[in-house]
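K.L.:
Numbering (UniProt numbering), first residue to last: 1 to 310.
Note that the Cβ used here is the ideal one computed from N, Cα and C, for glycine as well.
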Amino acid sequence: MSKVVCVGEVMVELARGSDGRFGLAYGGDTFNTAVYLARAGIDVAYATALGDDAFSDDILALGTAEGVDMSLVPRLKGRAPGLYLISTDASGERSFNYWRDTSPARTLFEAEGWQEVAAALVSARAVYFSGITLSLYSNQGLGRFLAALEMAGTSAQNRTLTVFDGNFRPRNWGVDLNRARTVFAEALKRSSMALPTFEDEVALWGDASPAATIERMTTYGLTEVVVKNGAAGALVHADGRTVEVPVERAVSPLDTTGAGDSFNAGYLAARLQGAGPEDAARAGHRLAAEVIMHRGAIIPRAIHEGVRAH
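1. If you draw a straight line from the C-alpha of ALA269 to the C-alpha of ASN167, how long is it?
2. Report yes or no: do the region 193-210 and the region 165-185 share at least 3 C-beta pairs separated by less than 8 Å?
3. Using 8 Å for Cβ pairs, my map puts VAL7 next to PHE129. What's the rounded Cβ distance?
4. Does the count of Cβ pairs from the region 253-268 and the region 76-96 closer than 8 Å reach three?
5. Compute the Euclidean distance between the alpha carbons of residue 352 and ARG21, then round it to the nearest angstrom.
6. When you compare only the Cα positions, how much space is there between THR160 and ALA289?
7. Identify, in the order they occur along the chain, each residue of the same chain with its Cβ nearer than 6 Å to the Cβ of GLY284, setting aside the five sequence neighbours on each side.
8. The beta strand (DSSP E) that contains LEU85, what's its start and end?
9. On a Cα-Cα basis, can you pick out the residue from GLY233, GLY206 and LEU136 that is closest to LEU30?
10. Evaluate ASN139 with the Cβ neighbour count: other Cβ atoms within 10 Å of its Cβ, from every protein chain shown; 16 or more gives buried, anything less gives exposed.
11. In angstroms, rounded to a whole number, what distance separates the CA positions of THR115 and ILE86?
12. In this structure, how does DSSP classify VAL68 when only helix, strand and coil are distinguished?
13. Got a sec? Which residues, its chain only, sit under 8 Å from SER71 by beta carbon, not counting five neighbours each side?
14. Quick check on the burial criterion: 16 or more other C-beta atoms within 10 angstroms. Buried or exposed for ASP69?
15. Assign THR242 to one of three DSSP states: helix, strand, or coil.
16. Measuring CB to CB, does PRO74 end up less than 7 Å from GLY41?
17. Give me the residue from ALA148, SER192, ALA238 and ARG282 with the minimum Cα distance to TYR220.
18. Do you know whose CA, among GLY23, ALA111 and ILE214, lies nearest ARG241's CA?
19. Who are GLY23's beta bridge partners in DSSP?
20. Considering only residues of the same chain and omitting the five flanking positions on each side of PRO210, which have a CB-CB separation below 7 Å?
21. Would you mind sorting ILE303 into buried or exposed? The rule is 16 or more other CB atoms within 10 Å of its CB.
22. For LEU62, which residues of its own chain have a beta-carbon under 6 Å away from its beta-carbon, when the five flanking residues on both sides are left out?
23. Who pairs with THR197 in a beta bridge, going by DSSP?
24. Are VAL12 and PRO104 touching if we call contact CB-CB under 7 Å?
25. What residues match up with PHE109 in a beta bridge as DSSP calls it?
26. Go ahead and pull the three-state DSSP assignment for ALA220.
27. Identify the residues that DSSP records as bridge partners of TRP205: which are they?
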């Protein structure tokens, strides 16, 4: 495959508006990134599992309309996608409530047809996944996914770029942070690029600085690490150099949902299209700055196209 394959979960999104009402949409961290990659002209597919309900129909239709290949999505009879509810405070910071314990995405690497998904990862141009992706799976599912990543990164026929966004959410791992650290470490060993958020790395590993995050991650063999640090910009380690790339303009966010996901898409798309690391980070900053000025994880296509035109 010449595609980038993003792996994870798409959920029903309910976001509270300024009038207190909730609007219906769909999202999920790696799915958000897949949509923004497609809008940037990257050939991208999404791998997850869905149910046979109307919401699953809508998710498939949304992905297809956005130019995302949804052929790597088995559908499970009698199941329905998870749900998350977003509330934002006066500063635009969001909080989430989830209903996802029975999400079909959790069984992607145990459901019938998982071998075809794994084979697609091994032959992909790049595989993009997150800490949330890792939190979905049972030990059996994790084993199969990690094995596919390892094969993808070492295949003599097609050396796949494996891209990991830590995106650590404590509630997804219960009280077992040691398991989270172990699984993250195994994922890092099989990754060639990491796009972590510093706040998450502090929560999971206690890193003292973005530089400490880079130092820790490069011990696993990663040669490209971009540490996102909100309004402080990003610390980029690539090509043997480490440089700070500040945000181009300060903004007062309306909703920070999808900020990291969109930065990752902007960065990865630029790198795949030949840009250098610093220019790619600036592209990530620009897209994230626009996304956080609108509600929801995926901004309307018309707004996004207007931003790109200017």
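P.N.:
With the structure as the only source:
1. Inter-residue distance for ALA269 and ASN167 is about 19 Å (C-alpha atoms, whole angstroms).
2. By the Cβ rule, the region 193-210 counts as touching the region 165-185, because three or more pairs are nearer than 8 Å.
3. Yes, VAL7 and PHE129 are in contact; Cβ-Cβ is about 4 Å, under 8 Å.
4. Because the criterion of three Cβ pairs below 8 Å is met, the region 253-268 and the region 76-96 touch.
5. Here the chain has residues from 1 to 310 only, and residue 352 is not among them.
6. If I take the Cα positions, the gap works out to 30 Å.
7. Only PHE263, GLY266 and TYR267 meet the Cβ criterion.
8. Under the DSSP assignment, LEU85 falls in the beta strand (DSSP E) whose first and last residues are 83-88.
9. Sequence inspection shows Thr at residue 30; the Leu mentioned does not correspond to that position. Comparing Cα positions, the closest option is LEU136.
10. Result: exposed.
11. According to the sequence as given, residue 115 is Gln; it is not Thr. Roughly 34 Å between the two C-alpha positions.
12. Coil.
13. Excluding sequence neighbours, SER71 sits near ALA45.
14. For ASP69, the number of other beta carbons within 10 angstroms of its own is at least 16, and it is reported as buried.
15. For THR242, the three-state secondary structure derived from DSSP is strand.
16. Between PRO74 and GLY41, the CB-CB gap reaches or exceeds 7 Å.
17. Selection ALA148, SER192, ALA238 and ARG282 evaluated against TYR220 yields SER192 as nearest (Cα-Cα).
18. Residue ILE214 is the option with its Cα nearest to ARG241.
19. Paired residues: ALA15.
20. By the criterion of a C-beta distance shorter than 7 Å, PRO210 is surrounded in its chain by PHE198, VAL227, ASN229 and LEU235, once the five residues flanking it on both sides are discounted.
21. Exposed: under 16 other Cβ atoms inside 10 Å.
22. Beyond the five residues adjoining it in sequence on each side, LEU62 comes within less than 6 Å, by CB distance, of TYR26 in the same chain, given in chain order.
23. Residue pairing by DSSP places THR197 opposite LYS228 in a beta bridge.
24. Taking 7 Å as the Cβ cut-off, VAL12 and PRO104 do not qualify as a contacting pair.
25. Partner(s): none; PHE109 has no beta bridge.
26. The sequence shown places Tyr at residue 220, rather than the Ala named in the question. If DSSP states are grouped into helix, strand and coil, TYR220 belongs with coil.
27. Beta-bridge annotation (DSSP): TRP205 is not paired with any residue.
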